[in-house]
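Take the sequence shown: its letters are residues 6 to 191, numbered as in my numbering. One structure below.
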Amino acid sequence: MNRQQRIKLIENQLGAFDAGTIEFINQQWVFFDEETEEASLLEHHINQEVEVFREQSWQRGLLLENGKVQCDRKMISLFDGESIRIRKQLIYSLERLLDELKDEAFLYFINTLNSLHFSIHDCIYCYNHLTFLNGNEGACGVNFLIFDNEECICSIQHHFDYASSRSDRFEFTLSSGKRTVIEKIS
Numbered sequence: 006m007n008r009q010q011r012i013k014l015i016e017n018q019l020g021a022f023d024a025g026t027i028e029f030i031n032q033q034w035v036f037f038d039e040e041t042e043e044a045s046l047l048e049h050h051i052n053q054e055v056e057v058f059r060e061q062s063w064q065r066g067l068l069l070e071n072g073k074v075q076c077d078r079k080m081i082s083l084f085d086g087e088s089i090r091i092r093k094q095l096i097y098s099l100e101r102l103l104d105e106l107k108d109e110a111f112l113y114f115i116n117t118l119n120s121l122h123f124s125i126h127d128c129i130y131c132y133n134h135l136t137f138l139n140g141n142e143g144a145c146g147v148n149f150l151i152f153d154n155e156e157c158i159c160s161i162q163h164h165f166d167y168a169s170s171r172s173d174r175f176e177f178t179l180s181s182g183k184r185t186v187i188e189k190i191s
């Protein structure tokens, strides 16, 4: 699995976007999240990927200043009351952890998380111990992750041992008491 395939898998996860509408109020663009009904200034999302609903489809682009979106080779201006989606950013330590996982462990982790009704975008905390270890030496330790899908909490311990063989063990514990363990040794 190449980097592009991994990115595509992450991008297509549920909850990859904050969806809502925008309004031009007091000379500023304001984003109203349809799920939480919270308002925020659209300028906080400048240079992030957005999708604008136009002509019965979502048009992907990069949000620029003054309500402009760069879509491929054309520049579009936002309209008051328009529906947009703003791509959520993954927690940096989670991104680094996913990069460290071999393909099979990566797929096992994502598929198990999804089967428990969580998305990679539901991550609210990630302690990645791997970032503190020297990559040239045999690394072992535990990473801690917390996911919240607004119905349930999932705590994950990722036990890794990258000494002579490569071992990834994920222990998923839900707030309901359900537990799942997966392990990949290569």
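Every residue gets a Cβ at the ideal spot worked out from N, C-alpha and C, and that includes glycine. Predicted model only: the values in this text are computed from it and were never measured.
Exercise. On the premise that F165 lies in contact with G143, defined as a C-beta separation below 8 Å, what is that separation, rounded to the nearest angstrom?
Worked result: With 8 Å as the limit, G143 and F165 do not qualify as a contact, their Cβ atoms being about 11 Å apart.
Exercise. Counting only runs that start and end within the region 21-67, where is the beta strand (DSSP E) found for 3 or more residues in a row?
Worked result: As far as the region 21-67 is concerned, its whole beta strand (DSSP E) runs of at least 3 residues are 22-30, 33-38, 44-46 and 54-59.
For this session: May I have the straight-line CA-CA distance separating I12 from S98, to the nearest angstrom?
Result: When rounded, the distance between both Cα atoms is 16 Å.
For this session: Output yes or no for whether 7 Å exceeds the beta carbon distance between C159 and F177.
Result: Taking a C-beta distance under 7 Å as the contact criterion, C159 and F177 qualify as a contact pair.
Exercise. When the Cα of G20 is compared with those of F123, R184 and Q33, which residue comes out closest?
Worked result: Cα-wise, what sits closest to G20 is F123.
For this session: Counting only runs of 4+ residues fully inside the region 61-133, write out the alpha helix (DSSP H) ranges in chain order.
Result: Every alpha helix (DSSP H) stretch that sits fully inside the region 61-133 and reaches 4 residues is listed by chain position as 97-105 and 108-120.
For this session: Indicate whether F22 and R101 have their beta-carbon atoms separated by less than 7 Å.
Result: With contacts defined by Cβ atoms closer than 7 Å, F22 and R101 do not form a contacting pair.
Exercise. Which partner residues of I151 appear in the DSSP bridge assignment?
Worked result: Paired residues: Y130 and S160.
Exercise. Measuring CA to CA, which of T117, E54 and V74 is closest to K189?
Worked result: Ranking T117, E54 and V74 by Cα distance to K189 puts T117 first.
Problem set entry | Burial state of F137 (16 or more Cβ within 10 Å) | Exposed: under 16 other Cβ atoms inside 10 Å.
For this session: Could you tell me the boundaries of the alpha helix (DSSP H) in which R8 lies?
Result: Unbroken alpha helix (DSSP H) run through R8: R8 to E16.
Exercise. Which of helix, strand or coil does DSSP assign to L179?
Worked result: If DSSP states are grouped into helix, strand and coil, L179 belongs with the strands.
For this session: From the DSSP output, read off the bridge partner residues of T185.
Result: T185 pairs with F177.
For this session: Going by CA-CA distance only, name the one from E16, E48, L95 and V55 that's closest to A24.
Result: The shortest Cα separation from A24 among E16, E48, L95 and V55 belongs to V55.
Exercise. Does the region 103-114 touch the region 78-86, meaning 3 or more C-beta pairs lie closer than 8 Å?
Worked result: Segment contact: the region 78-86 against the region 103-114, fewer than three CB-CB distances shorter than 8 Å; contact not assigned.
Exercise. Taking buried to mean at least 16 other C-beta atoms within 10 Å of its own C-beta, is V186 buried or exposed?
Worked result: Answer is exposed; the Cβ neighbour count stays below 16.
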